[in-house]
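Quick note, the sequences are listed as chains A and B, same order.
Numbering-wise, numbering that gives the first Met the number 0 puts 145 at position 146 of the first sequence, and it's gapless, one number per residue.
Numbering-wise, numbering that gives the first Met the number 0 puts 407 at position 408 of the second sequence, and it's gapless, one number per residue.
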Amino acid sequence: MTKIISLFILEAVFCFTFFTVSYSDINLIQTNCKKTPFYDLCVLTLKSDPRSSTADVPGLARIVADSVNAKAIATLNQISALLKSVKDPTLEKALEGCIVSYNTIIQADIPVAIDAIEKNNPKFAVQSATDAGNEAQACENSFAEKASNSPIFSGNKAVHDLSVVLQSIASLLL
Amino acid sequence: MVDTRPFLPVSSHAGSDPTGPSENRRKPMKLQLSIFFVLLTVGFFAALLTSNNGSDNGFVKENEHGSLASPSSEKQLRPVSRGPAVGVSEKSNRLFAKDNENQLAYPWNNSMLSWQRTAFHFQPEKNWMNDPNGPLFYKGWYHFFYQYNPHAAVWGDIVWGHAVSKDLIHWLHLPLAMVADQWYDKNGVWTGSATILPDGKVVMLYTGSTTENVQVQNLAYPADHSDPLLINWVKYSGNPVLVPPPGILDKDFRDPTTAWLTSEGKWRITIGSKINKTGVALVYDTKDFINYELLDGILHAVPGTGMWECVDFFPVSKTEENGLDTSVNGPSVKHVVKASLDDDRHDYYSIGTYHEKNGTWIPDEPKIDVGIGLRYDYGIYYAAKTFYDQNKNRRVLWGWIGESDSEAADMQKGWASVQSIPRTILFDKKTGTHLLQWPVEEIESLRLKSYEFNQVKVQAGSVVPLDVGPATQLDIIAEFEIDNEALEKTTGSNVTFSCSSSGGTVERGALGPFGLLVLADDSLSEQTPVYFYIAKGSDGKLKTFFCNDQSRSSVASDVNKQIYGNLVPVLEGEKLSLRVLVDHSIVESFAQGGRTVITSRVYPTKAIYGAAKLFLFNNATEASVSASLRIWQMNSAFIRPYPNDKESQ
């Protein structure tokens, strides 16, 4: 009888541990993403990066920062491609301005955010993330057609929203 | 007969058990297997349930598919100040409502950007600066050190910059004082403070971020005490002298203060930290700045305030109009505790009593305790630090003024941040709760041509230009009198007013807003109002607010457009008084002799160079005001590198 009981306990422990361990990282993601205004985007971004399964909160922030960077690079490439064939001078000016904004995100905002998170001085990460979102916004604002989205709307929105997520998670480190 | 069967547990039905031994052995196996699968299923469903919990609370699901608007939120995205951290709740989740009709996204050209550099505020020749460090007066020179990035116009690679001045205004740049060349400050030579010993020698305590990103405190001292310029510094060979104590995290231990003497003849310092969400100030005693004992208690703590950065602790006289050495104590002395709150990027202070025996401090008014009460400055102002100036027997305050434009612009112009003009600090005897800050008198040496205006009447709803010539470098002293009849006749109301949630100067009240329009162009398409707003309560009591409105300071869309300000106590018989320093992209304004202070960064695109003008305005509906002003053109301070031929090196 004692054999059965001890085996029973062993199995119970095994089953619950197996499931809780593999889902505890999910809980960290969920808990932190709930504190951002873009829950689904946050969860999707984190889950799709294998590092998230063993990351602590600064690690999660790092993943989001990398994601902002990747999206920014992709959008920058889009802008450069559009610039090659642009004819309209107003559009050209807007695209050139966006180049400046995106260069700032990639060369200044994200590196500073990552550095600040690593060095445990998160307020500079919050500040940089805020700026990254603002840069994306400024780019979108610069297109003359106010009634419709710019040709790079989805890139701008992605970078903006992810920057807000980064800002929120970095704020948790304060 | 002997029982030859193997011993088996006795069953309750021992007599009538029909099953044989082999069947008895199979039953437990089946039982275990079924239990195993039950548990497996239960675990599976448990996991499924917990993962579903989250997505039910998801925000803005609709926006995932690219739709512009979230119907619930009313606010559109606004560029957020990079100084005070704006909480997520203030920042919009909505993206790209492009109805900033008159806003330009990329207006910046080199002319506009180079105009932004200040003429008489301290700033390095280029790149990024943040906290003031170790200010002191030594052998005839005021010394100023600061957090500096030698490589870029953004935060990073932090080292100590250094400059000297004879008068706190005309600064000369010196070589970097300390760089990140030791394992204990490899990841940052961060903020610290100087202590002058009775024999005149200087010691510097500063925070280093180690190769493992642990925050530690280090000792440094001048290489040559006979060098008045204190160019070279030596780091103590036994550094670090302090590491995070038990209960304090590696990342929550920074910014040691100037030391003060205890009655036992030891030196005492305080270092800010936090325990969960409670901001605290730890206290250490030392005899040699090398060995320390952590006091059992803490200087003070306030729940919910988060990490206390750049803690400052100093005495003020209740009776005299001068500063006090940090070690002074006595019955006519009050002590100030100040903290920079990491959570909201603002500097808070509180006045109270220091209990020397156990190293604690208690606020006079717990309602305005540290972090929940008064701020040094209601604009963009952080990491402030005072020092006792034994040269002129005053306590002087430095504060870091960051940028509130985009980092793209900072990168383009190649620099970011300035320091405030150093301010004297005095206890405000009249209110007993406030400190008074005032620009050091040496700034008056920059005054050039002056203009005087006496009793200028400004009717309700009008603007009066003030012809003072160029209006980008000014020192303005003004007094306002509001029409008494209107003050009495106006009906009060229960509506609460605050600068930041008001509509700025377009929101007209009976008794305000009125004041000055600085950095305004002729057509007033760009303007920065610095003003008073008087609100009358339903009990007839008047409350005066002092605000800076940035909402129309520039047509550029990527700069901060917030309205800063706070209540300013105005006592019986006092006129409304104002002092404003305008220096290109920085405006420092002082109400009621420095009882309430606001610093803003302003980035106009049109109201620059000769196009910048000054106006009086009164947008109240009922009251007229009359203003008397003295205005000076201000010279440049010609801040530049120390001339090479004179340098001792």
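All C-beta atoms, glycine included, are put in the ideal place defined by N, C-alpha and C.
Between residue i and chain A, is the shortest Cβ-Cβ distance under 8 Å, so that the two count as touching?
{"i": "residue 183 (chain B)", "result": "no"}
{"i": "residue 588 (chain B)", "result": "no"}
{"i": "residue 236 (chain B)", "result": "no"}
{"i": "residue 437 (chain B)", "result": "no"}
{"i": "residue 30 (chain B)", "result": "yes"}
{"i": "residue 599 (chain B)", "result": "no"}
{"i": "residue 111 (chain B)", "result": "no"}
{"i": "residue 155 (chain B)", "result": "yes"}
{"i": "residue 416 (chain B)", "result": "no"}
{"i": "residue 74 (chain B)", "result": "Below a pLDDT of 50, predicted positions are generally treated as unreliable, and residue 74 (chain B), at 29, falls in that range; the measurement from the model is reported next regardless. No - not a single Cβ of chain A is within 8 Å of the one on residue 74 (chain B)."}
{"i": "residue 250 (chain B)", "result": "yes"}
{"i": "residue 608 (chain B)", "result": "no"}
{"i": "residue 656 (chain B)", "result": "One cannot answer for residue 656 (chain B) here, as it falls past the ends of chain B, which runs 0 to 648."}
{"i": "residue 104 (chain B)", "result": "yes"}
{"i": "residue 406 (chain B)", "result": "yes"}
{"i": "residue 186 (chain B)", "result": "yes"}
{"i": "residue 23 (chain B)", "result": "Residue placement at residue 23 (chain B) is poorly supported in this model, since its pLDDT is 47, which falls under 50; the coordinates are not used for a value here."}
Assuming the contact rule is C-beta atoms closer than 8 Å, residue i and residue j should be a hit. Round their C-beta distance to whole Å, please.
{"i": "residue 177 (chain B)", "j": "residue 163 (chain B)", "result": "With 8 Å as the limit, residue 177 (chain B) and residue 163 (chain B) do not qualify as a contact, their Cβ atoms being about 16 Å apart."}
{"i": "residue 649 (chain B)", "j": "residue 302 (chain B)", "result": "The structure shown has nothing for residue 649 (chain B), since chain B only spans 0 to 648."}
{"i": "residue 378 (chain B)", "j": "residue 547 (chain B)", "result": "6 Å"}
{"i": "residue 620 (chain B)", "j": "residue 507 (chain B)", "result": "5 Å"}
{"i": "residue 139 (chain A)", "j": "residue 149 (chain A)", "result": "6 Å"}
State yes or no: is the beta carbon of residue i nearer than 8 Å to at least one beta carbon in chain B?
{"i": "residue 60 (chain A)", "result": "no"}
{"i": "residue 173 (chain A)", "result": "yes"}
{"i": "residue 54 (chain A)", "result": "no"}
{"i": "residue 63 (chain A)", "result": "no"}
{"i": "residue 20 (chain A)", "result": "Interpretation of residue 20 (chain A) is limited by its pLDDT of 49, a score under 50 that renders its predicted location unreliable; the figure taken from the coordinates is listed afterwards. Not an interface residue."}
{"i": "residue 91 (chain A)", "result": "no"}
{"i": "residue 114 (chain A)", "result": "yes"}
{"i": "residue 67 (chain A)", "result": "no"}
{"i": "residue 3 (chain A)", "result": "yes"}
Using CA atoms only, rank isn't needed, just tell me which of the options is closest to residue i.
{"i": "residue 504 (chain B)", "options": "B:185, B:618, B:108, B:523", "result": "B:618"}
{"i": "residue 371 (chain B)", "options": "B:313, B:408, B:278, B:219", "result": "B:278"}
{"i": "residue 649 (chain B)", "options": "B:227, B:108, B:115", "result": "Only positions 0 to 648 of chain B appear in this structure, which leaves residue 649 (chain B) out of reach."}
{"i": "residue 50 (chain A)", "options": "A:28, A:71, A:68", "result": "A:28"}
{"i": "residue 533 (chain B)", "options": "B:496, B:458, B:271", "result": "B:496"}
{"i": "residue 104 (chain B)", "options": "A:135, A:150, A:69", "result": "A:135"}
{"i": "residue 304 (chain B)", "options": "B:293, B:322, B:343", "result": "B:343"}
{"i": "residue 142 (chain B)", "options": "B:180, B:201, B:186, B:238", "result": "B:201"}
{"i": "residue 192 (chain B)", "options": "B:315, B:131, B:149", "result": "B:131"}
{"i": "residue 70 (chain A)", "options": "A:101, A:86, A:94, A:81", "result": "A:101"}
{"i": "residue 296 (chain B)", "options": "B:282, B:289, B:222", "result": "B:282"}
{"i": "residue 123 (chain B)", "options": "B:258, B:133, B:581, B:174", "result": "B:174"}
{"i": "residue 571 (chain B)", "options": "B:639, B:553, B:579, B:540", "result": "B:540"}
{"i": "residue 509 (chain B)", "options": "B:517, B:499, B:494, B:500", "result": "B:494"}
Who are the neighbours of residue i on chain C, taking C-beta pairs under 9 Å?
{"i": "residue 382 (chain B)", "result": "Included in the structure are the protein chains A and B, with no chain C among them."}
Would the stretch 460-472 of chain B count as touching the stretch 393-412 of chain B if we require 3 or more Cβ pairs under 8 Å?
no
Return the residues of the stretch 119-141 of chain A that lie within a Cβ-Cβ distance of less than 9 Å from chain B, sorted by chain order.
119, 120, 121, 122, 123, 125, 126, 127, 129, 130, 131, 132, 133, 134, 135, 136, 137, 138, 139, 140, 141
Determine which residues of the stretch 329-358 of chain B have a Cβ less than 7 Å from any Cβ of chain A, and write them out in chain order.
341, 342, 344
Would the stretch 153-161 of chain A count as touching the stretch 246-263 of chain B if we require 3 or more Cβ pairs under 8 Å?
no
Determine which residues of the stretch 193-213 of chain B have a Cβ less than 8 Å from any Cβ of chain A, and write them out in chain order.
208, 212
What are the residues in the stretch 551-573 of chain B lying within 8 Å of chain A by C-beta distance?
556, 557
When you compare the stretch 209-223 of chain B with the stretch 325-339 of chain B, are there three or more beta-carbon pairs, one atom per stretch, that lie closer than 8 Å?
no
Inter-stretch contact (C-beta, 8 Å, three-pair minimum) for the stretch 350-362 of chain B and the stretch 164-171 of chain B
no
Proximal residues, the stretch 299-317 of chain B versus chain A, C-beta separation under 9 Å:
305, 306, 308
Determine contact between the stretch 107-122 of chain B and the stretch 576-586 of chain B, defined as no fewer than three beta-carbon pairs at a distance below 8 Å.
yes
The stretch 623-637 of chain B / the stretch 595-607 of chain B touching (three or more Cβ pairs under 8 Å)
no
Can you pull out the residues from the stretch 94-111 of chain A whose beta carbon lies closer than 7 Å to at least one beta carbon of chain B?
96, 99, 100, 103, 107, 108, 111
Evaluate the contact criterion for the stretch 438-454 of chain B versus the stretch 147-157 of chain B: three or more CB pairs, one atom per stretch, below 8 Å.
no
Between the stretch 109-122 of chain A and the stretch 50-67 of chain A, do at least 3 Cβ pairs fall closer than 8 Å?
yes
Proximal residues, the stretch 256-290 of chain B versus chain A, C-beta separation under 8 Å:
none
The stretch 624-632 of chain B / the stretch 477-489 of chain B touching (three or more Cβ pairs under 8 Å)
yes
At least three beta-carbon pairs within less than 8 Å, the stretch 416-423 of chain B to the stretch 447-455 of chain B
no
Does the stretch 554-565 of chain B come into contact with the stretch 513-522 of chain B, if we say contact requires no fewer than three beta-carbon pairs (one atom in each stretch) closer than 8 Å?
no
Determine contact between the stretch 126-141 of chain A and the stretch 93-112 of chain A, defined as no fewer than three beta-carbon pairs at a distance below 8 Å.
yes
Within 7 Å of chain A by C-beta, residues of the stretch 167-181 of chain B in sequence order:
none
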